[in-house]
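Student:
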Amino acid sequence: MKISVSQENLNTIFGILAILFWGTTIAFSRS
Numbered sequence: 000m001k002i003s004v005s006q007e008n009l010n011t012i013f014g015i016l017a018i019l020f021w022g023t024t025i026a027f028s029r030s
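Be aware that the sequence shown starts at 0, since it is given in numbering that gives the first Met the number 0, and climbs by one per residue.
Here you go:
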């Protein structure tokens, strides 16, 4: 297994979670 592949997957997952968390924060701020 290549570490680069795992790193890319972690970066993708972390990026999605960051966007979802940011979007949720904006939603609560507007409500």
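In this text, a Cβ means the ideal position worked out from N, Cα and C, and glycines have one as well.
Using three-state DSSP, classify S28 as helix, strand or coil.
Tutor: DSSP places S28 in helix when its eight states are reduced to three.
Student: Quick one: Cα of W21 to Cα of I15, how far?
Tutor: Cα-Cα distance, rounded: 10 Å.
Student: Cα separation between E7 and A17?
Tutor: E7 and A17: Cα-Cα distance of roughly 15 Å.
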